[in-house]
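J.: Sharing a structure with you now.
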Amino acid sequence: MTYASNPSTPLPHALPLHSCTLPPSHQSPSPQELALPRPRPRPAPHLYSLLPLSPPDRPPPPSSLLPSLTLFDPCRSRVIQLIRFYTWNVTFGDIYPLGVKQEGILINGQFPGPQIDAVTNDNIIVNVFNNLPVPFLLSWQGIQQRRSSWQDGVYGTNCPIPPGGNFTYNMQFKDQIGSYYYFPSLSFHKAAGGYGGIRVLSRPRIPVPFDPPAGDFTILAGDWFKLNHTDLKGILDSGNDLPFPDGLLINGHGSNGNRFTVDQDALNLLDAILPGKTYRFRVSNVGIATSVNIRIQGHSMLLVEVEGSHTMQTTFTSIDIHLGQSYSFLVTADQPPADYSIIVSTRFTTPVLTTTAILHYSNANGAATVPPPPAPTIEIDFSLNQARSIRWNLTASGPRPNPQGSYHYGLVNTTRTIRLANSRATINGKLRYAVNSVSFIPADTPLKVADFYNISGVFTLGSMPDNPTGGSAYLQTSVMAANMREYVEIIFENAENFVQSWHIDGYAFWVVGMDGGPWTPASRQGYNLRDAIARHTLQVYPQSWTAIYMPLDNVGMWNVRSESCVQQYLGQQFYLRVYSPANSWRDENPIPKNALLCGRASGRRTRPL
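Residue 505 in UniProt numbering sits at position 505 of the sequence shown, with consecutive numbering throughout.
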C-alpha cells in the first residue's frame, strides 16, 4: 500500500508502507499465522475526487485544493481512504459588517471562516488553535459524529480549548451528504462570527437526482447586532432580554456586499447555444434570533435538498429558513443579462429587516428592470403549508446507493413518546427559558467526560422528564436517559407567540407532522408516515406542535437545544444520553487520546497510548 498526497502535505511517519506481495491462493496458512489475531474487515471505500473551495462569486478553480492525504492500494488499484487536513487559527479582529467597528471572531483571518468541502465518508481533521483570551469550542451543525459524540464540540461533551491551547477534531462524515455549517458553541461567541459552511458531496458512482450544476454557492444568512458579543452576554447575564437585531448579514456583509456571478449561455453537444446555466445555492440561517425568507428577483428556486436529504423537486418563489436550518436549491440563469437582487428578510417580526446580495450575469450591463419579488405575508399559514409541502424523494439515492425510501420509517412501531414544552420564566429575579419546566445550567465538568469516568454529582439521569410538568420552572443540569435502538416519537409543543426552532445533535429525524393548537393522541391520524423529510433542525410555529420519529442508533451524549441563541443560553436545552450496555467500540468510539480534561476530570488519563 502506498500513499499519494498533496505536495504541500507531509506524509505522516506513523503510516507504514506495505508490499503488494501476496501468498498464492492455494497456499495454506501456517499454524503461526492461524494463531495471529485477525483484524476486523472494513468495507471497501470508493474512488472519488476532491472538490475545491469556492470563492465568493465564482465556481471554484481546480487549483484551490486543500491539503489532503489519499491512501492508495496498488494491489487493487483503488483509493481506500481520504483524509482532509485543516489548520485553523482563531483570533479576535475588527469587523464592520453593519458599518460599525466590532470585535469579531476570525478563523485564519476570515469572517465567515473557511469552508469545508468533502465527500461522503471523508475523514476530516481540523486542528484548532485558540488565540483568544477566553476558552473556545467549535460545533458542527448537522454532522452526526457517528459513534463519536467526543467530537461534537459543545460544552456537554468537550472541555473547552483554553487560551493559547489547541485541539484536533478528528471526524468522519459517515454516510452523509448535503449542506451544513459550523459555529462557535461557547458563551455567546456566535454573535461574534466564527462560523462557516460545510458541503458534503455524493461519491461519484452514487446517482444524484439532478444534473451537475455549473457552480455551487454557499449563503450564510442571519440577523446581527451592532453591540459586541460581550455586551450582549452581559445583558443576558443581568437577567434581561436582548433588543431587536440591528440588521441582516449575507456571508458576513450587509446590503449588496456579496456578488454571485453566473453565465447565461451554455453549449450542448451539437454546439447550439442554450440559454441558462443552472447553479446550486446552499443557504443556512446562522442567525441569533429570527427566521428569514429568501427570494431572487426575476428567478424561481427549485428545491433539491434539505439538511442531507434529497427532496421532491418543487419550485418556489420564496423559501422560509428558520434558525439553524439549511436548504439547497437550483437557480437557472435564463433571464436577460442584468444584476438581480437576492433578497433576505426576517419573518414574523416587527419591523421587518431586509438585506440583499447581487446575482450578477457575467455579460450584464446594468440593474434588472423587473420588479423585486414581494415579501411573503406575515400569516403563519403560508409558512406552515410550505413546510408541509417539502417531501422526501423516495427514489433518489442519499449517501448510499439504495434509495432513500428503502427505509420505511412509518412501518416501525415507536417504543416511547416524549413531549417537550418550551416556556419562559423568571427564576431568582432573572429571565430564563425552560423545557418541561427545567431550565438548563452547565455543570462544572462536561457531562460526557463525567459519564466516562463515572464522576458522581455532576448530573442525574432522568432529570429531564418525558412530559410537561405544568409546574414552576427551576434550574437543573438536565439529562434525559435513553437506550440504544429505541424508536422514539417526540412532540415539540410551543404555547408561546413566536416561532421556535429546535436541533438535535447526532441525529437526523423524520418530521412526521405539524399543526396548530394542542397536540393530542388523535393528532397521529394526520402524520405523514410515507415521505416526510429527514432533517436535523425543525420549526414549531406559535401555539402549535411539531412531531418527529427518531431511531436512537447513535450512542453518546447529545445536545437537544433551541436554535435561538438567547433561549438556549438562558436554559432552553438539555442532553440526551443514548446508552448501550454492551460498552463496545462497535457502538461507540473510545475517548480520544487527545481529549482535553477539565473540571473534576482534571489530571486523569484518557486511555493507554
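For every residue, glycine included, the Cβ atom is placed at its ideal position computed from N, Cα and C.
1. Can you list, in chain order, the residues of its chain with a C-beta nearer than 6 angstroms to that of S284? Leave out the 5 residues immediately preceding and following it.
2. Please name the residue, chosen from G457, E496, S202, that lies closest to R479 on a Cα-to-Cα basis.
3. How many angstroms separate the CA atom of N108 from the CA atom of S439?
4. Return helix, strand or coil for L596, following the three-state DSSP convention.
5. Under 8 angstroms, do R419 and A425 count as touching if we go by C-beta distance?
6. May I have a chain-ordered list of the alpha helix (DSSP H) segments no shorter than 4 residues that lie completely inside the UniProt domain "Plastocyanin-like" (216-364)?
7. Tell me the rounded alpha-carbon separation between A434 and G193.
8. Can you tell me whether D216 is buried or exposed? The criterion is at least 16 other CB atoms within 10 Å of its CB, across all chains shown.
9. Helix, strand or coil: which one does DSSP assign to Q500?
10. Is the distance from the Cβ of Y541 to the Cβ of I380 below 8 angstroms?
11. Please report the distance separating the alpha-carbon of Q176 from that of Q313.
12. Give me the residue from A421, T546, L98 with the minimum Cα distance to residue 615.
13. Could you say which of T349, S362, P160, Y409 lies nearest to W510 if we only look at CA atoms?
14. Between which two residues does the alpha helix (DSSP H) harbouring R388 extend?
15. What would DSSP say about F111, mapped onto helix, strand or coil?
16. Need the endpoints of the beta strand (DSSP E) that K448 sits in, please.
17. Should P245 and D265 be called a contact, given that it needs their Cβ atoms to be closer than 8 angstroms?
18. Specify the secondary structure class of A192 as computed by DSSP and reduced to three states.
19. I'd like the ranges of any beta strand (DSSP E) spanning at least 3 consecutive residues and lying wholly in the stretch 538-592.
20. Of the choices P112, S501, G517, S584, whose alpha-carbon is the least far from that of D320?
21. Answer with buried or exposed for R205, where buried requires no fewer than 16 other C-beta atoms within 10 angstroms of its C-beta.
22. Hey, how far is the Cα of M550 from the Cα of R199?
23. Quick one: residues in its chain with C-beta nearer than 6 angstroms to the C-beta of R147, no 5 flanking neighbours on either side, listed in chain order?
24. Would you kindly check if the distance between the Cβ of P592 and the Cβ of T157 is under 8 angstroms?
25. Nearest chain C C-beta to L220 closer than 8 angstroms, yes or no?
26. Take F167 as the anchor and find which of G142, L137, L186 has the nearest alpha-carbon.
27. Looking at C-alpha atoms only, which residue of H360, T355, T354, L323 is the closest neighbour of D339?
28. Distance, Cα to Cα, Q297 vs T218?
29. Looking only at its chain, what residues have a beta carbon closer than 7 angstroms to the beta carbon of H322, apart from the 5 residues adjacent to it on each side?
30. Do you know whose CA, among L303, P162, V555, lies nearest A387's CA?
31. Please give the ranges of any beta strand (DSSP E) in the stretch 385-469, keeping only runs that are unbroken, at least 3 residues long and fully inside the region.
32. Using three-state DSSP, classify Q151 as helix, strand or coil.
33. Near T311, what residues of its chain come up, given a Cβ to Cβ distance below 8 angstroms and the 5 sequence neighbours on each side ignored?
34. If you compare alpha carbons, which of A368, T414, V154 is closest to residue 617?
35. Using the C-alpha atoms, what's the distance from N123 back to Q145?
36. Under the rule that 16 or more other beta-carbon atoms within 10 Å means buried, what is Q573, buried or exposed?
T.: So, to answer that:
1. Y181, L220, S326
2. The sequence shown places Val at residue 479, rather than the Arg named in the question. Cα-wise, what sits closest to V479 is G457.
3. 36 angstroms
4. coil
5. No, the pair does not count as a contact, with Cβ atoms beyond the cut-off.
6. With a minimum length of 4 residues, the continuous alpha helix (DSSP H) runs that stay inside the UniProt domain "Plastocyanin-like" (216-364) are 229-237.
7. C-alpha separation (whole angstroms): 26 angstroms.
8. buried
9. In this structure, Q500 counts as strand in the three-state DSSP scheme.
10. Taking 8 angstroms as the cut-off, the Cβ atoms of Y541 and I380 count as close.
11. Roughly 20 angstroms between the two C-alpha positions.
12. As displayed, the chain neither begins before 1 nor continues past 609, which places residue 615 out of reach and without an answer.
13. Of T349, S362, P160, Y409, the residue nearest in Cα terms is Y409.
14. 380-389
15. DSSP, read as helix, strand or coil, puts F111 in coil.
16. It is not in any beta strand (DSSP E) - K448 instead sits in the alpha helix (DSSP H) that spans 447-452.
17. It is not a contact, given that the beta carbons lie outside the stated cut-off.
18. helix
19. Qualifying beta strand (DSSP E) stretches, in chain order: 544-551, 556-562, 573-579.
20. S501
21. Counting Cβ neighbours within 10 Å, R205 comes out exposed, since fewer than 16 surround it.
22. 24 angstroms
23. Closer than 6 angstroms at the Cβ level, and outside the excluded window around R147, lie E588, N589.
24. Against a cut-off of 8 angstroms, the Cβ pair of P592 and T157 comes out as no contact.
25. Annotation note: the requested chain C is absent from the structure, which comprises a single protein chain.
26. L137
27. H360
28. When rounded, the distance between both Cα atoms is 18 angstroms.
29. N285, S291, V499, S501, Q539
30. L303
31. 416-427, 430-435, 438-440
32. helix
33. L303, V304, E305, I390, R391, W392, N393, I533
34. Since the displayed the chain opens at 1 and closes at 609, residue 617 lies outside it and no answer follows.
35. 11 angstroms
36. buried
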